[in-house]
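In this note's numbering, the protein residues as written are 22 to 524.
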């Protein structure tokens with residue numbers, strides 16, 4: 022469970038109009054340790070009364086006579102002290118809901134972390150302070166990870182998950198893997214473009230997203246890279262239901278559908294080249310009462326952030342959850358930024374409520390390189406492989422203003438020379454695809470602490486060698502639920518792992 026954080030003061034809000042992850046990172050640096058498989062036994066003994074008792078005992082050895090009253094008094098004092106310590110520890114456990122009793126699936130991990138206690142004021146975002154003197158023990162769930170099986174697709178696969186079901190698109194079939202490990206599939210009749218674009222860094226010419234029974238696929242190579250979206254229902258045979266072509270304002274080569282996400286009756290589609298070579302757009306669609314989809318809004322950056330055509334690759338990564346959306350891009354000054362929007366019922370439109378500056382110096386970048394995703398509770402995850410960092414943010418409110426505050430910056434294995442790939446989150450588990458300095462492919466597993474909501478690295482999965490995996494151009498594609506992990510690895514192999522003990 023996440024802690025509630027007191028939002029920044031009006032004074033702090035006036036000092037900066039944007040939230041800079043680089044600045045926050047210096048004030049709450051966190052290097053997650055690898056949690057042990059067994060419970061670490063902490064030294065919980067209090068020696069104060071015992072040392073006092075020993076000194077009294079030695080002193081009595083030199084005496085020839087001790088009064089009966091003194092013996093009784095000392096015995097009562099020792100017993101009372103022990104009982105007092107026991108009662109205090111029990112009361113703390115009962116009265117502190119943030120520290121529940123540990124079950125068989127939890128371990129206690131000791132880390133160095135600058136923790137913001139509950140109800141504490143958020144520090145001044147402009148200050149660059151670190152604290153390394155605070156030791157906090159974390160209780161986290163370490164899942165039991167087991168290899169399930171290998172799957173060899175007939176064509177380049179695409180994987181996605183809504184937190185409950187994993188979907189795998191390969192050729193003309195969609196395969197589904199449920200929480201109970203059951204499998205099903207439907208046939209789809211889609212003629213997709215198979216040529217690859219030099220502008221795309223995706224391993225597949227099709228993107229995939231799902232929510233419940235609704236499946237959406239982005240064919241961003243269709244019609245000379247203008248793009249299109251396919252909407253399907255996984256419960257029906259020949260499941261193709263609707264085709265949404267790129268809006269008229271998307272230029273040729275706009276790559277509509279390069280990034281997609283769906284939540285209930287809303288979906289968002291990114292077109293990173295929608296306004297030409299260097300500028301993009303994002304489109305929000307609403308499900309109608311008849312079951313169709315209509316365009317609800319177009320999300321360029323707000324005017325005060327700069328002209329639309331100054332934000333390159335806007336829409337390279339998109340996410341939507343309930344009434345909020347996130348879109349990545351960067352401007353002419355090389356600032357990699359995540360823009361956050363909120364739907365207003367009053368204006369029936371999406372308004373920008375915050376912008377998170379991830380990197381201030383990306384002038385030579387040809388890709389934004391940022392991936393955004395929401396969790397069901399509103400938590401926002403921003404992964405930035407260029408710096409091997411993951412930022413975890415939670416929503417906050419200051420008067421009528423709404424935005425996000427950074428809880429934690431996770432530096433993925435900073436001590437080693439690694440390349441970070443995709444990040445996926447489901448419930449209290451997070452997985453990160455990693456390629457180490459020896460070109461060994463790994464998946465790092467993180468678990469969220471029961472104590473303060475921060476993330477702790479608890480395990481590593483070493484993937485088997487794959488001669489068809491090219492570390493210079495391929496990356497590890499992941500799909501995660503609470504009980505299953507699907508690894509798309511080398512375009513010709515899927516590896517299915519199961520997670521148990523952390524439901």
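Every residue gets a Cβ at the ideal spot worked out from N, C-alpha and C, and that includes glycine.
Check: Taking C-alpha atoms, which residue in 286, 198, 378 and 185 lies nearest to residue 315?
Finding: On the chain shown, residue 315 is found 294 positions in, with the first residue counted as 1. When only C-alpha atoms are compared, the closest one is 286.
Item checked: Backbone CA spacing between residue 99 and residue 441 [nearest angstrom] -> Taking the first residue of the chain shown as position 1, residue 99 is located at position 78. Taking the first residue of the chain shown as position 1, residue 441 is located at position 420. Cα-Cα distance, rounded: 56 Å.
Notebook entry, point to check: So, is residue 313 buried or exposed, given that buried needs 16 or more other C-beta atoms within 10 angstroms?
Noted result: Position 292 of the chain shown, counting from 1, holds the residue named residue 313. Exposed, since its Cβ has fewer than 16 Cβ neighbours within 10 Å.
Notebook entry, point to check: Counting Cβ pairs, one atom from each stretch, are 3 or more of them under 8 Å apart for the stretch 398 to 410 and the stretch 328 to 347?
Noted result: yes
Next item on the list: Could you work out which residue in 179, 174 and 392 is closest to residue 498 when comparing CA atoms only?
Entry: As a first step, residue 498 is located in the chain shown; it is residue number 477 there, counting from the start. Measuring from the Cα of residue 498, the nearest candidate turns out to be 179.
Margin query: Can you find the residues in the same chain that come closer than 8 Å, C-beta to C-beta, to residue 365, ignoring five residues on each side of it along the sequence?
Written below: The count along the chain shown starts at 1 and reaches residue 365 at position 344. Around residue 365: 371 and 372.
Checklist line | Three-state secondary structure (DSSP) of residue 289 | finding: Taking the first residue of the chain shown as 1, we reach residue 289 at position 268. Residue 289 falls in the strand class under three-state DSSP.
Check: Which residue or residues does DSSP assign as beta-bridge partners of residue 208?
Finding: By 1-based counting over the chain shown, the position of residue 208 is 187. Paired residues: 194.
Margin query: Quick check on residue 433: does DSSP put it in helix, strand or coil?
Written below: Here residue 433 is taken as the residue at index 412 of the chain shown, counted from 1. Looking at residue 433 - three-state DSSP - the assignment turns out to be coil, as it is neither helix nor strand.
Margin query: Tell me which residue opens and which closes the beta strand (DSSP E) that residue 457 is part of.
Written below: On the chain shown, position 436 is the one that residue 457 refers to. It is not in any beta strand (DSSP E) - residue 457 carries neither H nor E in the DSSP assignment.
Next item on the list: In the DSSP assignment, find the alpha helix (DSSP H) that holds residue 245 and state where it starts and stops.
Entry: By one-based count along the chain shown, residue 245 stands at place 224. First-last of the alpha helix (DSSP H) with residue 245: 243 to 246.
Next item on the list: Determine the burial state of residue 489: buried for a count of at least 16 other Cβ atoms within 10 Å of its Cβ, exposed for fewer.
Entry: Against the chain shown, residue 489 aligns to sequence position 468. It is exposed - the Cβ of residue 489 has fewer than 16 other Cβ atoms within 10 Å.
Notebook entry, point to check: Is residue 463 helix, strand or coil when you go by DSSP?
Noted result: Taking the chain shown and counting its residues from 1, the one referred to as residue 463 is at position 442. Three-state result, residue 463: strand.
Check: Smallest Cα separation from residue 253: which of 357, 194, 505 and 292?
Finding: Sequence index remark: in the chain shown, residue 253 carries index 232 (1-based). Answer by Cα proximity: 194.
Notebook entry, point to check: By Cβ distance below 7 Å, which residues in the same chain neighbour residue 318 in space, the five residues on each side in sequence not counted?
Noted result: One-based indexing of the chain shown puts residue 318 at position 297. Result list for residue 318: 305, 370 and 371, in chain order.
Check: Are the CB atoms of residue 249 and residue 267 nearer to each other than 8 Å?
Finding: By one-based count along the chain shown, residue 249 stands at place 228. By one-based count along the chain shown, residue 267 stands at place 246. Contact flag set, yes.
Check: Just the Cα atoms here: how many angstroms apart are residue 296 and residue 273?
Finding: Working through the chain shown from its first residue, we reach residue 296 at position 275. Working through the chain shown from its first residue, we reach residue 273 at position 252. Approximately 9 Å between the Cα atoms of the pair.
Margin query: Please report the straight-line C-alpha distance between residue 209 and residue 169, rounded to a whole angstrom.
Written below: Taking the first residue of the chain shown as position 1, residue 209 is located at position 188. Taking the first residue of the chain shown as position 1, residue 169 is located at position 148. Whole-angstrom Cα-Cα distance: 26 Å.
Next item on the list: Classify residue 485 as helix, strand or coil using the three-state DSSP reduction.
Entry: As a first step, residue 485 is located in the chain shown; it is residue number 464 there, counting from the start. It is coil, neither helix nor strand.
Item checked: Option in 455, 251 and 165 with minimal Cα separation from residue 410 -> By 1-based counting over the chain shown, the position of residue 410 is 389. For residue 410, the nearest C-alpha among the options comes from 455.
Check: Rounded to whole angstroms, how far is the Cβ of residue 378 from the Cβ of residue 356, which I believe are closer than 8 Å?
Finding: In the chain shown, the residue the question calls residue 378 occupies position 357. In the chain shown, the residue the question calls residue 356 occupies position 335. Their Cβ separation, rounded to whole angstroms, is 5 Å, which keeps residue 378 and residue 356 in contact under 8 Å.
Next item on the list: Report the three-state DSSP secondary structure of residue 73 (helix, strand or coil).
Entry: Counted from its first residue, the chain shown places residue 73 at position 52. Because residue 73 carries a pLDDT of 40, less than 50, the predicted location of this residue cannot be relied on, and the following value inherits that uncertainty. Looking at residue 73 - three-state DSSP - the assignment turns out to be helix.
Note to self: I need the straight-line Cα distance from residue 308 to residue 284, nearest angstrom please.
What the structure shows: On the chain shown, residue 308 is found 287 positions in, with the first residue counted as 1. On the chain shown, residue 284 is found 263 positions in, with the first residue counted as 1. Taking the straight line joining both Cα atoms gives about 11 Å.
Note to self: With H, G and I counted as helix, E and B as strand and the rest as coil, what does DSSP make of residue 100?
What the structure shows: What you label residue 100 is simply residue 79 of the chain shown in a count that begins at 1. Note: residue 100 maps to helix in three-state DSSP.
Next item on the list: Measure the Cβ-Cβ separation of residue 163 and residue 480 and say whether it is below 8 Å.
Entry: Residue numbering aside, residue 163 sits at position 142 when the chain shown is read from its first letter. Residue numbering aside, residue 480 sits at position 459 when the chain shown is read from its first letter. Yes, these two residues count as a Cβ contact at 8 Å.
Next item on the list: Would you kindly report the start and end of the unbroken beta strand (DSSP E) that includes residue 357?
Entry: Numbered from 1 along the chain shown, position 336 holds the residue referred to as residue 357. Looking at the DSSP string, the run of the beta strand (DSSP E) that includes residue 357 is 357 to 365.
Notebook entry, point to check: Cβ of residue 515 within 8 Å of Cβ of residue 189?
Noted result: To locate residue 515, count along the chain shown from 1; it is residue 494. To locate residue 189, count along the chain shown from 1; it is residue 168. In contact: residue 515 and residue 189 (Cβ atoms closer than 8 Å).
Checklist line | Separation of residue 199 from residue 384, as counted between CA atoms | finding: Along the chain shown, read from residue 1 onward, the residue named residue 384 stands at position 363. Along the chain shown, read from residue 1 onward, the residue named residue 199 stands at position 178. Spanning the two alpha carbons is a distance of roughly 43 Å.
Check: In the structure shown, what three-state DSSP assignment does residue 416 receive?
Finding: Numbered from its first residue, the chain shown carries residue 416 at position 395. The answer is strand: DSSP assigns residue 416 an E or B state.
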